[in-house]
Amino acid sequence: MGPLLALASAVCYGLVDFSGGLLSRRAPFTSITFLGQLGGLLLASTAALLVPADAVRPVDLLWGALSGVGSGTAMHFLNRGLSRGAMSVVVPVSAVTGVALSVLCGVLVLGDRPGALAWTGIVVTVPALWLVAGGGAGGRGACGQVADGLLASAGVAVQYVALGLAGTSAGLWPVAAGRVAAVLLLLPTATRHRHHLRLPGRLTAQALLVGAGAALGLILYLLAAQRQLLAVAVVLASLYPALPVVLGLALLHERVTPRQTAGLLGAAAATALLTLG
100 MGPLLALASA VCYGLVDFSG GLLSRRAPFT SITFLGQLGG LLLASTAALL VPADAVRPVD
160 LLWGALSGVG SGTAMHFLNR GLSRGAMSVV VPVSAVTGVA LSVLCGVLVL GDRPGALAWT
220 GIVVTVPALW LVAGGGAGGR GACGQVADGL LASAGVAVQY VALGLAGTSA GLWPVAAGRV
280 AAVLLLLPTA TRHRHHLRLP GRLTAQALLV GAGAALGLIL YLLAAQRQLL AVAVVLASLY
340 PALPVVLGLA LLHERVTPRQ TAGLLGAAAA TALLTLG
């Protein structure tokens, strides 16, 4: 069940990445990011109220809040990079570096001990994600976009590791606490650019829905991390860059390059190895 939950989380994040990237090119990325976190807070709070929690300890809420700081940071810099039309640079850097940092934390700090098959899947995932997102072919002016990707990846690692440390007895309240922290983190920027928040109703609703999808992805990840090694849950959940490529092919009639084809095959092999391992 753990691998399936982690893969479902990847599907959610893939849809969010695809939709959020398109929205960030139609409206200011600061407004899309902030409204998204509000949508995530609404969904996470509702889900937390509906799912029983045996004991919600302050430390669990603190881990959730730290995860939310990571989420807010990751989405801010990811959307900033995507708003510049640099998906082929920002996505691979954030995904691959975020996976690497999270796995290192799981192994070195938390004592995770993946088996041989799982380690093979982890090793295959890193180049596969890079190839899926275009192999870093960012063209001119990529330095600032690489910086966006690196900052986003640090947020991704904090998001995954901190949420994985929350106790199982806390239910979904760590996710809700994280959405509160993310909103508070982004509030000063949103206040400075409050005129950007005056979006048409349709764009506002879409931004809220994208944020709700991200919160659902985190909920699925939390449930996955409670059922298997953190390192394995992180890697499976981080396969999300493959979905925007598939959606781009199916909906936007984009062409898949040989690099991306190799990356998709690698991602499929990594999924099988991690599930079996």
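If you read the sequence shown in our numbering, its first letter stands for residue 100, the second for the next number, and so on.
We treat Cβ as the ideally placed atom computed from N, Cα and C, and that holds for glycine.
All values reported here derive from a predicted model rather than from experimental measurement.
Close beta carbons around residue i, own chain, < 7 Å, minus the five adjacent residues each side
i	result
residue 131	119, 122, 123, 178 and 306
residue 339	109, 112, 113 and 116
residue 150	270 and 271
residue 230	358, 359, 361, 362 and 365
residue 153	268
residue 227	362, 365, 366 and 369
residue 204	256 and 260
residue 145	none
CB of residue i within 8 Å of CB of residue j, strictly
i	j	result
residue 319	residue 107	yes
residue 314	residue 159	no
residue 370	residue 325	no
residue 213	residue 103	no
residue 349	residue 105	no
residue 129	residue 281	no
residue 248	residue 166	no
residue 141	residue 311	yes
residue 341	residue 332	no
residue 367	residue 211	no
Beta-carbon proximity list for residue i, same chain, < 6 Å, skipping 5 on both sides
i	result
residue 155	269 and 272
residue 251	173, 176, 177 and 193
residue 239	Because residue 239 sits at a pLDDT of 46, beneath the cut-off of 50, its placement in the model cannot be relied upon, and the point is left open.
residue 200	256
residue 259	201 and 333
residue 161	none
residue 127	295
residue 346	117
Cβ distance (whole Å) where residue i is taken to contact residue j below 8 Å
i	j	result
residue 163	residue 274	6 Å
residue 135	residue 309	5 Å
residue 202	residue 334	7 Å
Classification of residue i by the beta-carbon crowding that lies within 10 angstroms, buried from 16 upward
i	result
residue 294	exposed
residue 365	buried
residue 224	buried
residue 139	buried
residue 125	exposed
residue 291	exposed
residue 316	buried
residue 148	exposed
residue 285	buried
residue 300	exposed
residue 157	exposed
residue 221	buried
Contact set for residue i: own chain, Cβ-Cβ below 8 Å, skip 5 residues either direction
i	result
residue 321	262, 263, 265, 271, 273 and 274
residue 143	271, 274, 275, 277, 278, 314, 317 and 318
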